[in-house]
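Mapped onto full-length UniProt numbering, the consecutive letters of the sequence shown carry residue numbers 1 to 186. Backbone N, C-alpha and C fix where the C-beta goes; we use that ideal spot for every residue, glycine too. Reading through the structure tokens given below for one structure.
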Amino acid sequence: MKILLAGKIPGVFDALKSSAPSELAPLMEYMERNRIRGKFWTPDNWSCFNVLTRTNNDCEGMHHQWNKLAGGSNLKFYKMTMVLRKLAEEVSLTSTLLCHDKIRAHRKKDTQLKNSILFQLWARYQDNEENRTQKQEQEEEQEEEREEDVDSKQWVNVKKTDRIAVDGASQIITMLPDYTQWVDER
């Protein structure tokens, strides 16, 4: 679930929870309480959607490089401080080279393949979501236009009715002077 969009994770979890065997109920409750709908650790914190997969290989590789540079593991304190100083001096050079794309992190072909497949799937998913939202927006706009058409037709009908009422009132008003004249004549 970690590769899903954070907003979709609760729905997927609910579907999995409803189909899970009863033996997993305590685990599902724990996961829901602490990882899905928890206060401190939510899917926004742990969702890896559109993020490169990271492994501990980077850290292990760095430690292996340090050990190689130091001449082995189990260093004495003095030798370790000398190695750390040498590494600290290289940090500025390494960061400059990384900023100018002169060096890159080494990735195994298998990891690169997995990442490219994941990014292709994420791109297709995002395209489908965008198309779905565009389609929903178009349908909502069409519905609003239909409602506006109905409202305008009712408005036209009301205006015609008002016009009839106004015309009738004007006929009555125009007839009133005749009536008052007729009353005065009597």
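1) Pair every Cβ in the region 126 to 134 with every Cβ in the region 57 to 71, then say whether three or more of these pairs are closer than 8 Å.
2) Suppose contacts are defined by Cβ-Cβ distances below 9 Å. Is I9 in contact with I36 by that definition?
3) For L69, which residues in the same chain have their Cβ closer than 8 Å to its Cβ, ignoring the five residues on either side in sequence?
4) With 16 as the cutoff for other CB atoms within 10 Å, does F13 come out buried or exposed?
5) Alpha carbon to alpha carbon, what distance is there between Y125 and residue 187?
6) To the nearest angstrom, how far is the alpha carbon of G72 from that of K79?
7) F49 and L5: beta carbons closer than 9 Å?
So, to answer that:
1) no
2) yes
3) Closer than 8 Å at Cβ, skipping near neighbours: V83, K86, L87.
4) Here F13 is buried. Its C-beta has 16 or more other C-beta atoms within 10 Å.
5) Any property of residue 187 remains undetermined from this structure, which presents the chain solely from 1 to 186.
6) 11 Å
7) yes
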